[in-house]
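Visitor: Pasting in a structure now, in structure tokens, and then I'll have a few things to ask.
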Amino acid sequence: SVVSCPVDLYVDAANTAGAAYPYATPETAATKVTDALSAATDGSTIHIADGTYPISSTILLNKQIVLEGIGGIPANVVLTASNARRTLWMSNEGAVVRNLTLSNGKSTQSNGGNLKISQWGGFVSNCVITAGFGDNYSGNGGNIYMNAGHVTHSVISDGKLNNTGGGNKGVNVSISGGLLEHSLITGGSDATDGSSTNVAAGVYISGGTLRNCTIAKNAGLTTGGVFASGGSIVNTVIAGNTSANKGGDY
């Protein structure tokens, strides 16, 4: 028989007895986000119930799919990569992520520990993106790496970068394109050996736009708050950042 792809799909970590493909009702909700994603198609919305969801493989949003926490409170719906892999990769301008926490993602020799938005874009709102880790020489954007897309009304916190050599990196966020606005970027810490240059614990921006944000309480070796080699910074508070070697805020 043919099973049509539902418009609305559901995920609930507690629904261990009732999960049934295609996860089209709360009663038959999948217990894993990746299971619901495999049943979704362009135009689908995946509704995720409160809970913590370990991610065993990076979530790839390359379709026009909405991924959302049902209750609207990001702290109640946590997707965690357990410091083993990137949490989420977006590569479709129609992809939407909202009302979620993305945590403990890791990028090794790559960009974006918790979230990577490729040149094909994506939209993120009302999320907490925290404790991402960029590791090894090419790691960049411990929490977020943006080539394009739009991130708004989110908290981006406690990213870490641990590599040697190279440069032009952001610990919490690295932006080469797209728009980051109405967000708090805080708690980034640079754990490199000091040989990397132009590393900002808050945000490194080489393109795109940083607008109406607050960047505070990031601690770096070369730069605490923001290092800008391009792009634009508009109506943004950059204060209370520290650096061991050079500029605290810039």
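Residue 219 in this note's numbering sits at position 232 of the sequence shown, with consecutive numbering throughout. Beta carbons are placed, not taken as given, at the ideal position from N, Cα and C, and that holds for glycine.
1. What first and last residue would you give for the beta strand (DSSP E) that runs through Ser163?
2. Rounded to a whole number of angstroms, what is the C-alpha to C-alpha distance between Ile33 and Ala231?
3. Distance, Cα to Cα, Ala82 vs Val160?
4. Would you call Thr28 buried or exposed, if buried means 16 or more other Cβ atoms sit within 10 Å of its Cβ?
5. Could you spell out the range, first to last residue, of the beta strand (DSSP E) harbouring Leu197?
6. Thinking Tyr40 and Ala16 are a contact (beta carbons under 8 Å), I'd like their distance in whole angstroms, please.
7. Here's a check: name, in chain order, each residue in its chain whose Cβ is nearer than 7 Å to the Cβ of Ser69, leaving out the five neighbours to either side.
8. For Tyr8, count neighbouring C-beta atoms within 10 Å of its own C-beta (all shown protein chains included) and say buried if the count is 16 or more, exposed if not.
9. Taking buried to mean at least 16 other C-beta atoms within 10 Å of its own C-beta, is Val(-6) buried or exposed?
10. Could you please give the first and the last residue of the uninterrupted alpha helix (DSSP H) stretch that includes Thr21?
11. Can you list, in chain order, the residues of its chain with a C-beta nearer than 8 Å to that of Gly5? Leave out the 5 residues immediately preceding and following it.
12. Express the C-alpha separation of Asn134 and Lys156 in angstroms, rounding to a whole number.
13. So is Ser1 buried or exposed if we call it buried at 16+ other beta carbons inside 10 Å?
14. What residue ranges within the stretch -3 to 60 form continuous alpha helix (DSSP H) runs of no fewer than 4 residues, ordered along the chain?
15. Taking DSSP as the reference, what is the three-state secondary structure of Asn205?
16. Per DSSP, what kind of secondary structure is Ala62 in: helix, strand or coil?
17. Exposed or buried, Gly30, counting other C-beta atoms within 10 Å across all chains shown (16 or more means buried)?
18. Between the alpha carbons of Asn49 and Asn79, how many angstroms are there, rounded?
19. Assuming Val190 and Leu197 make a contact with CB atoms under 8 Å, what is their CB distance in whole Å?
20. Report buried or exposed for Gly146, applying the criterion of at least 16 other Cβ atoms within 10 angstroms of its Cβ.
21. Expressed to the nearest angstrom, what Euclidean distance is found between the alpha-carbon atoms of Gln51 and Arg85?
22. Tell me which same chain residues have a C-beta within less than 7 Å of the C-beta of Leu89, skipping the five on either side of it?
23. Determine whether the beta carbon atoms of Lys204 and Gly235 lie at a separation below 8 Å.
24. Give the DSSP-derived three-state secondary structure of Trp107 in the structure shown.
Guide: According to the data block:
1. Taken as a continuous stretch (DSSP letters only), Ser163 belongs to no beta strand (DSSP E), as it is neither H nor E.
2. 44 Å
3. 20 Å
4. Burial call: exposed.
5. Thr196 to Arg198
6. Rounded, the Cβ-Cβ distance is 12 Å, inconsistent with contact.
7. Pro41 and Asn91
8. exposed
9. exposed
10. Val20 to Ala26
11. Excluding positions up to five away in sequence, the list reads Glu14, Thr15 and Ala16.
12. 13 Å
13. The identity of residue 1 in the sequence shown is Ala, whereas the question assumes Ser. Under this definition Ala1 is an exposed residue.
14. 20 to 26
15. coil
16. helix
17. exposed
18. The straight-line gap from Cα to Cα measures roughly 5 Å.
19. Rounded, the Cβ-Cβ distance is 6 Å, consistent with contact.
20. buried
21. 14 Å
22. Leu66, Thr74, Leu75, Asn101, Leu102, Cys114 and Ile116, listed in sequence order.
23. no
24. coil
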